[in-house]
Structures are given as C-alpha cells and as structure tokens.
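Asks: Have a look at the structure that comes next, please.
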Amino acid sequence: MRRKVKIVEGQQAVATVRSGDQSQLATAVRYLLEELATRAEGNTVEVRVPPFGAVQCIEGPRHTRGTPPNVIEMSPETWFALAVGDLGWDAAVAAGSIHASGTRAEIKGHLPLV
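Going by this note's numbering, the first residue of the sequence shown is number 0, and it counts up by one from there.
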C-alpha cells in the first residue's frame, strides 16, 4: 500500500492527539488506518472511519464490485482509541461503538497498532 501520510507526520499526529489536542485527529486517523492496511494486507475486510478514511485489510476472499462482504465502521474517536490501545475491541463492541457486518468483520487480533 502506498502511504498518503508520511510516517513521521503520522506519528507526530498520534502524539498530539494523545496529549489531548484534537487538531490532528484527521491525520492521526488516516495514518493509523494506513498502518493497519500495511500490517494486515488484504482485501477481505473494509474498515471505515467516516469522514476521514477507509482501508481494506486482512487476507482472504477478495471482492471486486460493490460493497465488501465484511465491513467495520466506527467514529474517528473510537478508531483512535482502539488503534492506540486505550479501548479494547470487546468493550467497543459491547458499547455499540463498532458497527460490523460479515463473518470476517473483526480486526481485534491486529490491535493495538502503537
């Protein structure tokens, strides 16, 4: 995957958001999505974090048209918390913060990313 957010810029954005400054949330979210796609390459699951981005990840059956069969969608705040380890997958699912459809719509084993 070709990165749109430079690694150093992404890491700085993550640190900024972790310090409580939300001004870099969009960059941090995009960077963390790219990091997931790099570490868990594939096209089986689509992770959507509107309005900032979406990536496909996890090896397995590939879709070529229309909506992917396995979709995970959440808010930017939920994604950030999951990706940095401040929130666990099971807790986010139990709270209704993650909307997932499809039999393979889970990325728990790939989190946290930092």
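We put the CB at the ideal spot given by N, CA and C, even for glycine. Just so it is clear, the structure is predicted and the values come from calculations on it, not from any experiment.
Which first and last residues belong to the beta strand (DSSP E) in which GLN55 is found?
Replies: 52-56
Asks: Which same chain residues end up closer than 6 Å to PRO133 when comparing Cβ atoms and leaving out the 5 residues on each side of it in sequence?
Replies: Absent from the model: residue 133. The displayed extent of the chain is 0 to 113, so no value can be given.
Asks: Rounded to whole angstroms, what's the CA-CA distance from VAL13 to LEU81? Just pull it up for me.
Replies: Approximately 12 Å, taken between the alpha carbons.
Asks: Within 10 Å of its beta-carbon, does ILE97 have 16 or more other beta-carbons around it, so buried, or fewer, so exposed?
Replies: The residue is buried, with at least 16 neighbouring Cβ atoms inside 10 Å.
Asks: Taking ALA94 as the reference, give the member of VAL83, ARG103, MET73, GLY108 with the closest Cα.
Replies: Closest option to ALA94, judged by alpha-carbon separation, among VAL83, ARG103, MET73, GLY108: MET73.
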